[in-house]
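Residue numbers (this note's numbering), protein chains in the order written: chain A, 68 to 416; chain B, 68 to 416.
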DNA sequence: CTGAAAGCGCTTACAG
DNA sequence: CTGAAAGCGCTTACAG
């Protein structure tokens, strides 16, 4: 195929090939070209063959903007993430993009900062582009008005991982509470008594449930966490915050048997803090996380954590969304995927 | 603002607010609405104020599809990645999305599989959507025809990290060869004699340069790698491949002083293999990687590696691309960002 | 089976 | 300063 095949001469300059070009060369109307290319019935075999031949000969490609504008249907999704460079969200994104591309949908990825204002802005630009649907992560209750506007506009969306009470939409995640319980019980079983939790954001319902679950798992063994009610209990889900809060906790509560991170990234910060203080894990203290990040089991000191099937959450979320785009209606579905406690080096003693 | 403000009644059903709605309510033509909203001169203050008031009262949002179709200008970029869930690409994506959103561009993220066919397909769907420009990673020479077609179509694009010879376009990356040299020299300095390289893909020019550099750095100290010419020298940049090839190398060459991964992910696989064989790092053998992934320095055994400023590469790439979209022309620029050898536990002896 | 025509929601010369 | 009209590239009833 020659390169020029994708363009058409037009008085010195050249432009992209349109249906009109195909129609003229094939000697038919653009309606017939459209019907042929969209595989609609009622085009004679002879014409159909000629149109296809001309179209591919010219290297014709349908203009998606025009198609979506006119038809009112879009095959584009929007995915809002706190931060792609966080492996947790990156894995979700992979799951979403994988299913979406398989079904012929393209996906916009946008970054939501810490503020809900930005989520509203992103949802706005998604609306401007008339996306077929959206997927949200890291939602908080403050996002409810934004989501309700989408419901009013009849734009389908899915909540991933975190849920927002009172907003009726499909949700995919895990049973964070149950995962927390299992982790708490494991710590009790291996004999931990003095336990601190260095949790995730206060306004994340997933973090909240993990924390409640872990407390419950410990409580059923008669253990109460040391830093209940302390400001170290919740914080940003980043390594620096885990590190800083681990140091505070170790300063405040002296000897600690176990430190639980609200997620693996926090737990890495906790491990850093232990290394910085000469606390040998798991001999002096055990450490656990939540998520099972792909790099949480590197080298000689692998992290105990609760596996969250991130990519699968992305898959299921995309499927839910595409269902609704294709006409499924009904109140919000809830899909709870399997989590699994992964006992590894950092609690192995 | 009421929810219904974003919609307009239309015989039982309701539709999104358009410029026509705004024009009618404001008692002006849609041309005037367009001129006002686009802040073009030549609209009286009185009319301007009225139009803005009506537009925001109605919750009007411009339809991006229509705008891009009619104006012929798009504020949308495409980013093709092997895999977002690979932290290296995730960081690049973060950099690109950060700058793009700051400049008012949205970005499509697509997954390129291992084959070049898929890259061509992705570039096709990007063209269909009339994107303003594209960014590519993980290019190989086989992608040259696809890229040349973009040049013919006058669609700007940027090559990130990997370069493709003979395709004139902006490129952003690091001096992989120099990074390799520094790493090789470091290994020689700490007394390594028996060195194996477990490199990246054969057809990645970045991996190739790293490998050549490392060999050169060793050679300048009179050291030749053990597995030169061996099939273990190149392979997939994934953990399993690093693990498998490390085992092969250790089987074939007996005692080895140093194992170099083509990137950190490969090096993690190498570390796993060492742990599996009871080889204590760095006592029995040292290990190094390339990239400085954020999780390459976790806990008690942090990986020696060469820092690649991934997010900054994304930033610079997006800036280059936006320059060209805004009219900059001229032959391909080359931006070499700073790398840095990070000496850590795995080579610390 | 095929085509002329209207229209999706905008932008853009061009008159007035 | 303002508006009527054409047109971006398609899709979609509707005639013939």
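Every residue, glycine too, gets a C-beta built ideally from N, C-alpha and C.
Contact list for residue i against chain B, beta-carbon separation under 9 angstroms
{"i": "residue 175 of chain A", "result": "143, 173, 174, 175, 176"}
Closer than 8 angstroms to chain A by CB, residue i
{"i": "residue 327 of chain B", "result": "no"}
{"i": "residue 15 of chain B", "result": "This structure cannot speak to residue 15 of chain B, because chain B is shown only from 68 to 416."}
{"i": "residue 161 of chain B", "result": "yes"}
{"i": "residue 192 of chain B", "result": "yes"}
{"i": "residue 79 of chain B", "result": "Any reading at residue 79 of chain B must be qualified, since the residue scores a pLDDT of 40, below 50, and its modelled position is unreliable; the value itself is stated next. No, because no Cβ of chain A sits closer than 8 angstroms to the Cβ of residue 79 of chain B."}
{"i": "residue 404 of chain B", "result": "no"}
Contacts that residue i makes with chain A (C-beta to C-beta distance below 7 angstroms)
{"i": "residue 158 of chain B", "result": "152"}
Nearest-angstrom Cβ-Cβ length linking residue i and residue j, presumed shorter than 8 angstroms
{"i": "residue 307 of chain A", "j": "residue 166 of chain A", "result": "Between residue 166 of chain A and residue 307 of chain A the Cβ distance is about 34 angstroms, and since that is not below 8 angstroms, they are no contact."}
{"i": "residue 313 of chain A", "j": "residue 265 of chain A", "result": "6 angstroms"}
{"i": "residue 102 of chain A", "j": "residue 89 of chain A", "result": "12 angstroms between Cβ atoms; not a contact."}
{"i": "residue 168 of chain B", "j": "residue 178 of chain A", "result": "6 angstroms"}
{"i": "residue 301 of chain B", "j": "residue 355 of chain B", "result": "Actually they do not touch by this definition, with Cβ atoms about 17 angstroms apart."}
{"i": "residue 410 of chain B", "j": "residue 371 of chain B", "result": "5 angstroms"}
{"i": "residue 156 of chain A", "j": "residue 204 of chain A", "result": "6 angstroms"}
{"i": "residue 144 of chain B", "j": "residue 202 of chain B", "result": "7 angstroms"}
{"i": "residue 93 of chain A", "j": "residue 118 of chain A", "result": "5 angstroms"}
{"i": "residue 224 of chain B", "j": "residue 200 of chain B", "result": "6 angstroms"}
{"i": "residue 287 of chain B", "j": "residue 207 of chain B", "result": "So it is not a contact: roughly 29 angstroms between Cβ atoms."}
{"i": "residue 309 of chain A", "j": "residue 353 of chain A", "result": "In fact, because the Cβ distance is near 15 angstroms, the residues do not count as touching under 8 angstroms."}
{"i": "residue 233 of chain B", "j": "residue 211 of chain B", "result": "6 angstroms"}
{"i": "residue 258 of chain A", "j": "residue 284 of chain A", "result": "In fact, because the Cβ distance is near 14 angstroms, the residues do not count as touching under 8 angstroms."}
{"i": "residue 340 of chain A", "j": "residue 368 of chain A", "result": "About 14 angstroms; that fails the 8 angstroms criterion."}
Neighbour list for residue i in chain B, Cβ cutoff strictly below 8 angstroms
{"i": "residue 31 of chain A", "result": "Residue 31 of chain A cannot be examined here, being either before or after the span of chain A that is shown, 68 to 416."}
{"i": "residue 168 of chain A", "result": "177, 178"}
Residue i: first and last residue of the uninterrupted beta strand (DSSP E) it sits in
{"i": "residue 374 of chain A", "result": "372-374"}
{"i": "residue 402 of chain A", "result": "401-404"}
{"i": "residue 169 of chain B", "result": "First-last for residue 169 of chain B: 154-169, but that is the alpha helix (DSSP H), not the beta strand (DSSP E)."}
{"i": "residue 502 of chain A", "result": "Given that chain A is displayed from residue 68 to residue 416, the structure contains no residue 502 of chain A and the question cannot be resolved."}
{"i": "residue 263 of chain B", "result": "262-265"}
{"i": "residue 61 of chain B", "result": "This structure gives no information on residue 61 of chain B, because the portion of chain B shown stretches from 68 to 416."}
{"i": "residue 142 of chain B", "result": "No beta strand (DSSP E) contains residue 142 of chain B, which DSSP labels as neither H nor E."}
{"i": "residue 175 of chain A", "result": "173-178"}
{"i": "residue 200 of chain B", "result": "200-203"}
{"i": "residue 355 of chain B", "result": "353-355"}
{"i": "residue 407 of chain A", "result": "407-409"}
Residue interval of the alpha helix (DSSP H) (run including residue i)
{"i": "residue 87 of chain A", "result": "86-93"}
{"i": "residue 387 of chain A", "result": "377-392"}
{"i": "residue 295 of chain A", "result": "Counting along the chain, residue 295 of chain A falls outside any alpha helix (DSSP H), and DSSP gives it neither H nor E."}
{"i": "residue 283 of chain B", "result": "272-286"}
{"i": "residue 97 of chain A", "result": "97-104"}
{"i": "residue 321 of chain A", "result": "Unbroken run through residue 321 of chain A: none, as it is neither H nor E."}
{"i": "residue 339 of chain B", "result": "331-343"}
{"i": "residue 248 of chain A", "result": "243-256"}
Chain B contact residues for residue i, given Cβ-Cβ distances below 7 angstroms
{"i": "residue 133 of chain A", "result": "136"}
Cutoff 8 angstroms: residue i Cβ touching any chain B Cβ
{"i": "residue 303 of chain A", "result": "no"}
{"i": "residue 207 of chain A", "result": "no"}
{"i": "residue 315 of chain A", "result": "no"}
{"i": "residue 70 of chain A", "result": "Legend: pLDDT at residue 70 of chain A = 41, less than 50; position of this residue unreliable, value from coordinates given subsequently. Yes, its Cβ sits closer than 8 angstroms to a Cβ of chain B."}
Per-residue contacts from residue i into chain A (C-beta, under 9 angstroms)
{"i": "residue 130 of chain B", "result": "136, 195, 196, 197"}
With three or more beta-carbon pairs closer than 8 angstroms as the criterion, would you say the stretch 398-406 of chain B touches the stretch 236-247 of chain B? yes
Between the stretch 147-167 of chain B and the stretch 333-350 of chain B, can you find at least three pairs of beta-carbon atoms closer than 8 angstroms? Too few Cβ pairs lie closer than 8 angstroms, so no.
Could you tell me whether the stretch 124-143 of chain A touches the stretch 130-139 of chain B, where touching means 3 or more Cβ pairs closer than 8 angstroms? yes
Segment contact flag, the stretch 253-268 of chain B with the stretch 318-333 of chain B, C-beta cutoff 8 angstroms, min 3 pairs: They touch, by the three-pair rule.
Counting pairs of Cβ atoms below 8 angstroms between the stretch 208-216 of chain A and the stretch 183-197 of chain B, do you hit three or more? Put simply, the stretch 208-216 of chain A does not touch the stretch 183-197 of chain B. Fewer than three CB pairs are less than 8 angstroms apart.
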